Every structure is written in structure tokens, then in C-alpha cells.
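What follows is a short report on a single structure.
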Amino acid sequence: MLANVQKLLPFGKKSIAFGTIIQHNVPGLTGFRAVMLRALVTCAGTAHTLSMLYPATTNGGHAPAAATLAGSKNTASVAAAAGDMIINVTSAPTDPAGGAAASGDVVAYECTDGTWEFNEVDSLAALAITFKTALAKAVASGAKVRIIGVLADGMCQSLPCAASVTTEFESENGVIFHPDVGEPCVIQENNATATGTIQQVNMAYINK
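The opening residue of the sequence shown carries number 1 in the numbering used here; numbering runs sequentially from there.
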């Protein structure tokens, strides 16, 4: 694995009061696949899950309808400026499970400087997605807009984290692989009932 690593992306400690998902955003990198190499998660009195969520895919055992794939792996139909609250897309925006994009769905979009920004849907009107937070950077017409959705959509891979201990996941060959190359994802700890802490997550991008 190490010979195939193009770039490392480490995330440090993050904890939020229970009931709010703990999330790390992993941007896409053209030509490379995101892989989790190591994670440390501490749960209080309740078992949690650590998950990688991503847009609809025909890989990884998921086979959404063509319309779902186009709706989740969308593109901007017109440019949007920094400070705007809306991105207009080319296909009816759907979550990875095939439902219409809805409030709380995680969305990643490619900015004009080549970086990715992550946001949440506030509301939807036809092909216009209104976000909860204004765009920090401009988005060009034709830019990738990826609707990652929420954990309940099922477009994810999850690991069990036991209650009242720190659970470690580690493999130099990779713990979780993104099913698609060049696509963004989010790492989420569901943080239910009792407060959890992501102590560490080490991500990498590989050329295979």
C-alpha cells in the first residue's frame, strides 16, 4: 500500500456533545482514491459507528438507478459566486439512495481554485440547491457537485465502535476504501446517546 500512496491527509481529535454527528471532510483528488489507514474512536457509555459516506456509485456493491447516479453525481449548470447561497445543477438533485435532496444532506462541490468545499442542503427548488452556509469560494459552470446525503441513505461503509473504550482500526493495506477514484467523501461518527470522540483519522490517496 505505502508504495501507492500519493498523499496523506491526517485528521486530529474532534468531539461534540452527543446528538450531533462528528464529521471530517475528505476532498476528492483527481486520479486517486481515498483510503482510511487508521482511526481511533472513543465512545462513552454507548456503542457508536464510524462510517465513510460518499456519492452514489456503481462500485462497492451499490447499484443505484441511472437517474440516482446522475442526481447524486451532479454538476453546476451556471457559475456561483463566493457569498451565494444557491448552486443550480444540471440534473434533478438526489441523495445517493435516490430520494430528492433534502435539508441536512451533505454536499461537496468543486471550487474554481480546484479545492472542494462541503456544505449542507437547506432547501431544494427544482434544480436550485439552497445551502445552510454561504459559499466561501466561487464555483464555475460545469463544476462537480456531489450529493453525499446522510448515513441513513446507506451509501456508506461502517465500522463498529464499542462502548466505554477506545477502538482502534489500522491496516497499512487500508481499512476502508472509497469505491470511486477522484471523488469526495466524509468520515462520520454517529455520536448517538453518549458523547464520542474521534481521536485520530489518517486518510491517504492511492493510485489504484
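Beta carbons are placed, not taken as given, at the ideal position from N, Cα and C, and that holds for glycine.
Just so it is clear, the structure is predicted and the values come from calculations on it, not from any experiment.
Let's see if you can read the secondary structure: which residues bound the alpha helix (DSSP H) around residue i?
i, result
"A210", "No statement about residue 210 is possible, as the shown extent of the chain runs from 1 to 208 and does not include it."
Which stretch, first to last residue, makes up the beta strand (DSSP E) that contains residue i?
i, result
"L159", "156 to 161"
"T42", "33 to 43"
"C185", "185 to 189"
"S51", "48 to 53"
"N59", "Neither: N59 is in no beta strand (DSSP E) and is coded neither H nor E."
"V175", "Neither: V175 is in no beta strand (DSSP E) and is coded neither H nor E."
"G182", "First-last for G182: undefined, no H or E at that position."
"N202", "196 to 206"
"L9", "5 to 11"
"I268", "With the chain represented from 1 up to 208, any question about residue 268 goes unanswered, as that position is not in the structure."
"G149", "144 to 149"
"I22", "22 to 26"
Of all the options the options, which has the alpha carbon lying nearest to the alpha carbon of residue i?
i, options, result
"A194", "G19, K73, A39", "G19"
"A162", "T30, V5, G196, M36", "G196"
"P96", "T75, A65, S103", "A65"
"S141", "T90, E168, V175", "T90"
"Y205", "M85, R33, H62, R38", "R33"
"V26", "A39, T130, G104, C185", "C185"
"N74", "C156, E168, K144", "K144"
"L211", "L37, G83, Y109, E183", "Absent from the model: residue 211. The displayed extent of the chain is 1 to 208, so no value can be given."
"F177", "N59, E168, V106", "N59"
"V107", "L29, P55, Q157", "P55"
"Q157", "G28, G12, T49", "T49"
CB-CB under 7 Å to residue i, same chain, minus the five flanking residues each way: which ones, in chain order?
i, result
"C111", "E117, K137, A138, V139"
"L151", "S51, L53, Q188, N190"
"V78", "N88, S141"
Does residue i pass the burial test, meaning 16 or more other C-beta atoms within 10 Å, or should it be called exposed?
i, result
"S51", "buried"
"L8", "exposed"
"Q172", "In the sequence as presented, Gln is not what sits at residue 172; that position holds Glu. E172 should be labelled exposed."
"T57", "buried"
"V165", "exposed"
"A76", "buried"
"D153", "buried"
"A67", "exposed"
"E183", "buried"
"A125", "exposed"
Report all residues from its chain with a CB closer than 6 Å to the CB of residue i; omit the five preceding and five following residues, and keep chain order.
i, result
"I16", "I22"
"K132", "E120, D122"
"L127", "N88, V89"
"A81", "A138"
"V35", "G174, F177, A204, I206"
Residue i CB to nearest chain B CB: under 8 Å?
i, result
"S164", "The structure shown contains no chain B; it holds only a single protein chain."
Leaving out five residues on either side along the sequence, give the residues of the same chain with a beta carbon under 8 Å from the beta carbon of residue i.
i, result
"K208", "N4, R33"
Do residue i and the ligand HEM come close, with the Cβ less than 7 Å from some heavy atom?
i, result
"L151", "This structure lacks the ligand HEM, and indeed carries no ligand of any kind."
**Study point:** Any beta strand (DSSP E) of 3 or more consecutive residues that is wholly inside the stretch 101 to 134
**Key:** 106 to 110, 116 to 125, 128 to 131
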